[in-house]
Every structure is written in C-alpha cells, then in structure tokens.
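Just so you know, the sequences run in chain order F and H. Per our numbering, the first sequence starts with residue 1, numbered consecutively. Per our numbering, the second sequence starts with residue 473, numbered consecutively. Glycine included, each C-beta is placed from N, C-alpha and C at the ideal position. In what follows, a single structure is set out as structure tokens and then discussed.
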Amino acid sequence: MVIALVILALVVITVVFHLYSPWWLTPIASNWGAIDTTIEISFWITGLVFIAVNCFLAWVVWRYKHTGKHKAHYEPESKKLESWLTILTAIGVIAMLTPGLIAWAKVVNVPSEATNVEAIGQQWQWTFRFPGPDGELGGADARFVTAQNPYGIDPEDPNSQDDLIVNSHQLHLPVGKPVKLLLRSNDVLHNFAVPQFRIKMDLVPGTVTYQWFEPSRTGSFDILCEELCGVAHFTMRAQVIIEDETAYEQWLSRQPSFAQTQRNYDIDLVAGKNLYATCSACHGADGGGLAAMQAPNLSGLESWYMERQLRYYREGIRGAHPADGGGQQMAAMARSVAEPRDLRNLLAYIESLPAIAAPPTLAGDAERGAQVFQACVVCHGANGQGTRALQAPQLAGQADWYLHKQLKYFSMGWRGKHPQDQYGSQMRLMTRTIQNPERLQDLIAYIASLPVPGHYQTPLAEAQIVEGTQQP
Amino acid sequence: MTHIAIADQTAHLHHPKTFIGKYIWSQDHKVIAIQYSVTAIFVGLIALLLSVLMRLQLGFPGQFNFITPDAYLQFVTMHGMIMVIYLLTALLLGGFGNYLIPLMVGTRDMVFPYLNMLSYWFYLVSVIVLMSSFFVTGGPTGAGWTLYPPQSILAGTPGAGSGIVLMLLSLAIFIVAFTMGGLNYVTTIFQARTRGMTLMRMPLTIWGILTATILGLLAFPALLVSAIMMLFDATLGTSFFMPAIVSLGEPLNHEGGSPILFQHLFWFFGHPEVYIVALPAFGMVSDVLSVHARKNIFGYRMMVWAIVIIGGLSFIVWAHHMYVSGMNPYFGFFFATTTLIIAVPTAIKVYNWVLTLWKGNIHLTVPMLFAIGFIFTFTHGGLSGLFLGNVVVDLPLSDTFFVVAHFHMVMGVSPIMVLFAALYHWFPLVSGKQLHTGLGKLHFWGTFLGTYAIYLPMHYLGFLGVPRRYYALGDTSFIPESAHVLNEDITIAAIIVALFQLVFVANVIWTLRSGPRSVRNPWGVASLEWHTPDVPPVHGNWGDALPTVHRWAYDYSVPGAKQDFIPQHVAEEDVEYEAGGRRSGEGE
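Okay, structure coming up:
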C-alpha cells in the first residue's frame, strides 16, 4: 500500500522538481537551438511515458495487493496488447530520433564560409591560432614542439609564418559569424566544451578534430575541458569572448604572428644591469630579495615567468587588490619598464644571476609538507625546479614568507582572480588543497628544504657582461 | 539422454571429504557461488566507501585534507571499476549464475566443476592484484574507469606508474576467470538441462544469465586485448594507442598509434558490459515479480526474445559512448539509430513487468518491494538514456553529471535493487534462514528513496553543464551558488544511503547467527531450484534421481488448481484440481 502511494508521490515530486528546478540549461548563445528543441521533444515523450508507466504501476500495486480475497488472473500473454505497445513505443522513438538526426545533419556539415580557428589544448592550458592574411593555417605536429615553439607549429611551412598566435586563454570571436574550430592536442586527450554554445568535442593527439557553431549573442563564456586529462584537469579552463566585428578585428590585430614569436633578439646585458639598479634597491644586487622590503627572491626565476608577471602587474591583472600592498608597489614599478627591448635586457640580466636560496623565516613540519607537496609536483617538478612547458615557475629557493603570502592571496582571491590571469586561476583552484593553515606551513617548510637547482644557464662572468652584447 | 542416465547415478559424485575440499578448494557450484558473492560484496563495500569519500569532496570541497586532486581521481576510478566489474559482474554471474544455473536447469553441478573452482580463484587473485594498487608508490590509477590512454599511462595522471599496470593485470586475470566461468555456464545450460527442460521452459533468470554470459564471452576479449596492448605501450614502449606526443614538455618515443582505437575496443566491451549486468538482473527481477505476484510472467516468449534481441543489438551501439570522441561524426547517424531501437525491446520488458503485476495477487514482501523499486528506477534510467543516445542531445550532456546520473540509475541503482531483491528472495534457499523482514523493509526504504534523492537532482546539474570528474568547480560564469548547495545535499543523501547498507550487513549477520529456520520454499516458487530433496541443497543437488520437467516455470494461480502454484517437475496427472476446475492450458 505504502509503496503505491510512494511511487505516486515520487512521480509528482519528479514532475514538480522538473518544473521548478532552478538548475536548467544555460541560456543558449549559439545557432544550436535545434538541440534544445530535441531535448524539449524528448522531455515531452519520455515524461509522458514516465508518468503513465509509474502511475499505472502504482495503481496496479494498490488495486491487486494481496488481501487473501482474490486470486491472480491467469493470462500468459496477449499478442494484441504487446503489439500495440510495441508500435506505440516505436512511434515515440521515431518522434525523438527524427529531429535529432536532422539537427545532427547540420552539425556534421560545416558551412563553407566558416572561419577556421585552431584551439590547442595542452596539460592544462588553452591557446589559440588564427590563420594570417593568407587565410591558411600552417601545418603542426607534436614533433615540432620546443621551448620556443611550444604549440608545435611547423616552422618550415610558409603558411605558418603569418598565423596569429593567441598566447592567452581568452579567445575572441565575432558575433553572428560561423566558426569552425579545429581542435588539436600535443599531449593527451582533452575536450573543448562551452555549455552556452551546446558544443563539445574531444581533442585527440595525433589527429585534428573539429566542430562548428555560430555565436548568437555577445558576452564572455567559459571554455571547459571535459575529458579527464590528468590531475589538474579541473583547472583547464579558458574563456571565449563574443563581441562585435570591430572589437574583434582590433583584438585580432594585436596578436603576434608566428614568425614574430620565433624571432631571436640581441640581448644587451650591460643595459639590463643598468636597468636592474632600480630593482636592486628592494630585491638586492644579487636578486636574493629582502623580507623587510617585501621583495621576493628573483635569482633562479626564468625570464618567461618574470615577463608574464611584469605584464600582469602592468596591466592590472596582478597587484591590483587593495590588500596586496607589495603587489601595488610592484605594479607601479612594472609600469616604468614599458619598452619591450628594455624588458628583454632586464630580464635576461636577472636570469643570468646565479640562483641563491632565501633564508628560512617560518617554522613547519617539512616531512608532513612533503605529502602536501605531491599535489604541486606535477607542474612545479619533484624538486620545485619549475616546468616551462606547464608555465610553472621555480619554487625551490624562493623566500618562504613570500610563498606563504602568495598562496594565501591565491586562496583569498587577491591574486589570480582577474579573468585574464590564466595560471592564477589554476593556482586558485589548486590552493583548495591547502585550506588548513597548518598544512600550508608544512608545505612551505618542505619547499624551503628543497635544494636550489643549478641555474638553467651558466652564470655569465662579470667580464663578459662588460664586453657588451651577448646572444643567449 | 545418455548423459542424464549417467548423471542419475550418485556413485560418480565424488563427495568432498575434508573441510578444505568442502569449503575452500570446493568444486561445488553452490560453495563457489557463495565464495564469489562474499568476495564481491566485500569489494563492493570498499567501492561504496570510495564513493562516499568522493562525494565528500564534491559536497564539501577543501574540507578534507586527505582528499587531494590525486586521491579524488583515484577514488572515482576505483569506485567505478570495482562496482562495474568486480561487484556487479562477479556477483550477478559468478554469484547468482553459479548458484542458480545447475539448480534451475536441473543438473548436479556445472559441467566443468574443476574449471569452475579455478574461475573463483582467478577472480580472487584479480581482486588482490587490484587492491594491492592501493599500497604501491603513486597509488592506484586515477585515469577514470575508462582508462583512456595516452593520459592513463603518462605522468600527470595519478597512478600512471604501478597503479595502471596493476589495474590492467587485474583486468586480464579477471577476464581469464570470467572466461572459465562463462564457458561453463553456457555449456551447462546448453548441454546439461534435465529431462523436459526445453529452452522455452527455462526461467527468465537463466535466459538473462545465458545471454549475458554469451555477451561477456564475446565482449571481454576486446577489453583483454586492449589491456594487453596498453600494458605493452606502458612497459615495452610500443605505440598501439600512442601517437607522437609531448608529455609535460618532454617529447616521447612513441609514434603512429591511435588513442581512439582504444576507445573503440573499450566500448566494444563496455557497452555489452552494461547488458552483462542488466540482462541477469532483468531475468531475476522477472522471476521475483512473477513469484511474489502469484502470477505467470506476462508475455514469456516476448520476454525471451527481448533479452536475445537486446543482447544482439548491444554489439552495434558501442560508439554512442564516443559521440564527442573525435571519431568520424557521420557514425553518429548509425549509432543513434541503433541505440534508440534498443529502447523498443527494453520498453517491452518494462511493460511486461508491470503487466505481470496487473491482475496479480501482489504480496508486498521485501523482494517484491525491491523489484517494484527496480521498475521505477529502471524506467527513469532507461528514459534518460533516450536523451544521451540521441546523438545531438549528447553534445550538451556528454561528460556532465547528467551522464553520471543516467548510468547510476540504469546500471547502478537498478541492478542493485534487483540484487537485493534476489538476495532476500533466494537467501532462504542458500542458508535455510529467512532475512528479517522489518530490517529488510528499513533497508529497502532507505536505499530506494535515498538513491532517488541522490540521482534525480543530479540530472539537472548535468543540464546546467556541470562537468563530471572535476575535483572542484571553483568560479564559473554559469554555475550558481545553489548548485554547490545541491552538491552538499546530494553528498548527505549518499552518506545516508551508504549507512543504510549497513542495515543489510547487520541483517545478514544477525540472521545467520540467530535467525529462525525458514520453512521449505517459503515464497511458494514453481521453478526447480526450490524443489531439491534437501534445503539448502547439498552436494549433487538432486539426491537419487534428477527431476523431470513437465511445464514452464510460471504456473502460478492456474485456474482450477488447488495450490496457487504448480512446480515445474509435477506432471499433469499429479496436479490436484478442485472439483470441476479446468485444466491448465500452459502445461505444454
């Protein structure tokens, strides 16, 4: 008896929950309305079947419950009833499948006017490539990947040279124009999904997959990786910004060409050293940093990392939060080195400083911290030496008070919350593993115990610097 | 009939004489079944614990220090693999298949008892190998239960060193165990049925187990070869599934392989696997419904054909798991069509279950409650499958919590409802004692309502677009704060459901220790297994002579008959009819 009522109640609850659920498809932002329509048709058909079958079940249980007064009917089968039910079910299935397949036919046929855009997934970051003025994307293969050519674009292919490289997790696209996304991975499986566009496709190393859509309204939408791609899978996110044609064209024109990213510049370390004079007031002549001035250890950091951080400071992506006093100070300083050539020389000089370890100032249990550090290893390396391919800076030798402060900032959202701070948002997600202050202390103590690795580049002798320019 | 003449002679039975021969190295299908069941339920409880741990992270992110991103993925992976393979497959086929086949078709044992014993011991080894991965450096694999390469064997994924190797080894050993058991089941059903037990008189339980076993024998080899190929890729440097790639900035020495090849092989196994679990459950629930409604199963022949057709179709739908895998998108037309066609025979099964209850004499026993619960959960899970199978709808829903909710309703909760129905139903046969009804009902309500509280709202997180296998959602532009609250609620429901399973464990322990003895055939079942000379049946099952079958397994409430069921081995002339009552039309 109770079971009949409960089943009836569950049917009612299910229907009410469905009607009033605050969790529902996100407002659509692409041309794939046909998908939503198919979902709606499916809901009507499956919903009616769900209600009919379970209400009948509840009624049957209530009506034919054992009472001791009646005997079960003896009826092995009814061909007529079974045939009718089969036919009705088949009609329901056809009613769902037909709109589904019609919509799918549109999905598989990419319109010829669609613009090609390449999305490159690498553990655990997104970058993008647009064809240059020639309208063709150059070839690419994982075998071309080097430190300088991290996306594996064919350096010999003439079509590659003018390709535009978007070295950011923010993809801009024009509203109302069909786009064919070419999806490529150099390492493992990934997936490109944007809920509001109703699109989703895996990236498969060794091949290029694709899908197309037409953004129907402007705005910023999350790109998520939805194929488990390793331990930091949940941090592999990006954004697609849909804007009007003019804004998009302006944005695109600011992106460097592949050839530009491959250029080697002459480095003037003397100029770099002169520029460093300003920095040395806080960071010290040896780059070792000074706790009293809230200046971290720069020795051992590589130029690609410092370049990004200075850019973030300059553009207000980092050091903009009122609670980050040191960051605000640094943001002002970063704006004083705006010239790309000065920046290159300065960073090359800092990179040439021999790595030294900052003195420990905090106490913690390094042994327990080793366990916590396991979550960091995959990007920052087993010895905290950093991995350029993953955009993860060196941690070994860094001042413990600085690491402590930055991890706190990440978890508070004082750093890494800016939408353009791609790796900061990853760190914010990773700091969820160290919410406990004690664990944080232990972790810092462990990092402080890591040996400082040799500088990746032999320190340059003072004499060489005096001689003038140096090709790194 | 020579084999039956031989089987009738009890002199050839070789009864075991020692404790070890009887209970450890036993060749008796019933003892092996219990060994399989106890092991499977034990690992199932571990997998249940893992699911609670993973839910803790999803409901209360950052509150539990020991759940790192690595550990979370390891919990997810091991939970899935243990539940699907080492609990459901092993318990349904190794446990119930072993116990019921010889008794239901009327034979003394499996045709290869020694092989049957080996099957269990290989299964146990596979479980031990799997569990050992919790104790190696790097822990078990965290690649997701689908184990997709390249990531599953590369740094950056938890357990990419020893964990994945142990997982693949364990699967290979499990498949050896399954093959030994499976060949036995099929041969026994085809070759050793007793006199009069025609194929179309077999209980649906046997049809379900038979079809599932054939599916397993055809599908598991695909998993075996993919496991071996991946083992070679991981340990010998071959490139079956590995194209030229870079891993964490370092180029690898692989070239020319295809990650999608693995996915095809995996799902060529993986989809039939759904039915390897579902079909025995379909069969068993049919029998439970029929017995406890005191009514024949409605449309027996249609039910048999539905099982066989579903089994056949299950081999041509596998790529519906791969709509967004990057395979040729034109495959979508074919696989969406075949997938939705499967809905027709499946729907017929649901209708016939309800129609079996219709005009029945429904006894709301604990097995019956679970069986009715199954009809509800399976209807829900089956219908949500129509969304995912329809290729274009899979685009927004694939890899979200909708998928998680769907497959848990259809192949998690539903088979488990049947497993519990079956455990409560056959427990008196196996142990001679009946499980406590009050505790059983408590267990039912907690499980039935609790699981629905977990999975109904989870579908809607999927519509919203919440991705699965995410350690933490963090900030997004489309997931509202309320979804985090919902995740907490789901976690609380999951913990409650897990606690209710302890009621079952307690019930089993209490009943075995101090429960009263059950009467013989307490539910009044017509099929052969309840009609052995001794209950619980002893080695050799049938005493002096094998039974002769005279009718199908569903002669309940036959008009005119005195009793409301006529056992399968009762000949028409021995049936007692009330004066003036008419005779059964279905005696065949």
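Inspect the beta-carbon positions of ILE968 (chain H) and PRO929 (chain H) and report whether they are closer than 9 Å. The Cβ-Cβ distance between ILE968 (chain H) and PRO929 (chain H) does not fall below 9 Å.
Whole-number beta carbon distance between GLY937 (chain H) and PHE972 (chain H), since they are thought to touch under 8 Å: Actually they do not touch by this definition, with Cβ atoms about 31 Å apart.
Should LEU958 (chain H) be labelled buried (16 or more other beta-carbon atoms within 10 Å of its own) or exposed? LEU958 (chain H) is classed as buried because its beta carbon has at least 16 other beta carbons within 10 Å across all chains shown.
Taking 9 Å as the CB-CB cut-off, is ARG1062 (chain H) touching chain F? Past the edges of chain H, shown from 473 to 1060, lies residue 1062 (chain H), and the structure says nothing about it.
Helix, strand or coil, according to DSSP, for LEU1064 (chain H) in the structure here? No information on residue 1064 (chain H) is available, as it lies outside the stretch 473 to 1060 that chain H covers here.
Does the beta carbon of TRP44 (chain F) come closer than 9 Å to any beta carbon on chain H? It does not: the Cβ of TRP44 (chain F) has no partner Cβ on chain H nearer than 9 Å.
Pick helix, strand or coil for GLY845 (chain H), following the three-state DSSP scheme. If DSSP states are grouped into helix, strand and coil, GLY845 (chain H) belongs with the helices.
Excluding the 5 residues flanking GLU118 (chain F) on each side, which residues of the same chain have their C-beta closer than 7 Å to its C-beta? Answer for GLU118 (chain F): PHE128, ARG129, LEU137, LEU182 and ARG184, listed in chain order.
Residue-level contact to chain F via CB, VAL1042 (chain H), 9 Å cutoff: The C-beta of VAL1042 (chain H) comes no closer than 9 Å to any C-beta of chain F.
Taking the C-alpha atoms as reference points, what is the distance between GLY566 (chain H) and LYS494 (chain H)? For GLY566 (chain H) and LYS494 (chain H), the distance between alpha carbons rounds to 18 Å.
Kindly identify the DSSP beta-bridge partner or partners of LEU928 (chain H). For LEU928 (chain H), which the question treats as bridged, DSSP gives no partner whatsoever.
Given this structure, state the Cα-to-Cα distance separating GLY316 (chain F) from GLN196 (chain F), to the nearest angstrom. Straight through space, the alpha carbons of GLN196 (chain F) and GLY316 (chain F) are spaced by roughly 29 Å.
Is it buried or exposed for PRO322 (chain F), if we count other Cβ within 10 angstroms and need 16 for buried? It counts as exposed.
For GLN374 (chain F), go through chain H and note every residue whose CB falls closer than 8 Å to its CB, in chain order. Listed along chain H are THR540 and ASP542, each with a C-beta nearer than 8 Å to that of GLN374 (chain F).
Ranges of the beta strand (DSSP E) found wholly within the segment 244 to 302 of chain F, counting only runs of at least 3: Fully enclosed beta strand (DSSP E) runs of 3 or longer: not present.
For TYR210 (chain F), which residues in the same chain have their Cβ closer than 8 Å to its Cβ, ignoring the five residues on either side in sequence? Cβ contact annotation for TYR210 (chain F) (same chain, cutoff 8 Å, sequence separation greater than five): VAL110, LYS180, LEU181, LEU182, LEU183 and MET201, in chain order.
Expressed to the nearest angstrom, what Euclidean distance is found between the alpha-carbon atoms of GLN441 (chain F) and LEU362 (chain F)? Taking the straight line from one Cα to the other gives about 8 Å.
Hey, would you say ASN492 (chain F) sits closer than 9 Å to GLY152 (chain F), going by beta carbons? With chain F covering 1 to 472 only, the question about residue 492 (chain F) has no answer from this structure.
Kindly confirm or deny that the segment 807 to 815 of chain H and the segment 859 to 871 of chain H touch, where touching means at least three C-beta pairs closer than 8 Å. Under the three-pair Cβ rule at 8 Å, the segment 807 to 815 of chain H counts as touching the segment 859 to 871 of chain H.
Rounded to whole angstroms, what's the CA-CA distance from GLY288 (chain F) to PRO296 (chain F)? Just pull it up for me. Distance between the alpha carbons of GLY288 (chain F) and PRO296 (chain F) is about 7 Å.
Between which two residues does the alpha helix (DSSP H) holding MET889 (chain H) run? Counting along the chain, the alpha helix (DSSP H) containing MET889 (chain H) begins and ends at 886 to 903.
Applying the 10 Å Cβ sphere with the 16-neighbour rule, what's the burial state of LYS489 (chain H)? Classification for LYS489 (chain H): exposed.
Going along chain F in order, which residues have a C-beta closer than 8 Å to the C-beta of ASN833 (chain H)? Within chain F, the residues TYR64, HIS66, HIS70, LYS71 and ALA72 have their CB atoms less than 8 Å from the CB of ASN833 (chain H), given in chain order.
Is the beta carbon of HIS764 (chain H) less than 9 Å from the beta carbon of ILE834 (chain H)? Yes, the pair counts as a contact, with Cβ atoms nearer than the cut-off.
Pick out the complete beta strand (DSSP E) segments inside the segment 171 to 252 of chain F, 3 residues or longer, and give them in chain order. The segment 171 to 252 of chain F contains these whole beta strand (DSSP E) runs: 179 to 185, 190 to 194, 199 to 203, 209 to 213, 219 to 224 and 237 to 243.
Who does SER30 (chain F) pair with in a DSSP beta bridge? SER30 (chain F) is bridged to F:PRO215.
Would you say PRO131 (chain F) lies against chain H (beta-carbon separation less than 9 Å)? No - not a single Cβ of chain H is within 9 Å of the one on PRO131 (chain F).
Please list, in chain order, the chain H residues whose beta carbon lies closer than 7 Å to that of ALA370 (chain F). Simply none; closest approach about 13 Å.
Partners in chain H for THR86 (chain F), counting only beta-carbon separations shorter than 7 Å: Those within 7 Å of THR86 (chain F) in chain H are VAL816 and ILE820.
The alpha helix (DSSP H) enclosing ASN570 (chain H), as first and last residue numbers: Per DSSP, ASN570 (chain H) belongs to the alpha helix (DSSP H) from 570 to 577.
Looking at chain F, is there any beta carbon in it that lies within less than 9 Å of the beta carbon of LEU812 (chain H)? Interface residue, yes.
Please list the partners that ILE847 (chain H) has in chain F, where partner means a Cβ-to-Cβ separation under 7 Å. Those within 7 Å of ILE847 (chain H) in chain F are LEU57.
Which chain H residues are close to MET201 (chain F), counting only those with a beta carbon under 8 Å from its beta carbon? By Cβ distance, chain H contributes VAL796 and GLY798.
Residues bridged to ARG129 (chain F) by DSSP? Beta-bridge pairing links ARG129 (chain F) to F:GLU118 and F:ILE165.
How many angstroms separate the CA atom of PHE514 (chain H) from the CA atom of LEU761 (chain H)? Answer to the nearest angstrom: the Cα atoms are 28 Å apart.
Using the C-alpha atoms, what's the distance from ARG1023 (chain H) back to PHE704 (chain H)? Near 53 Å, if we compare the C-alpha coordinates of ARG1023 (chain H) and PHE704 (chain H).
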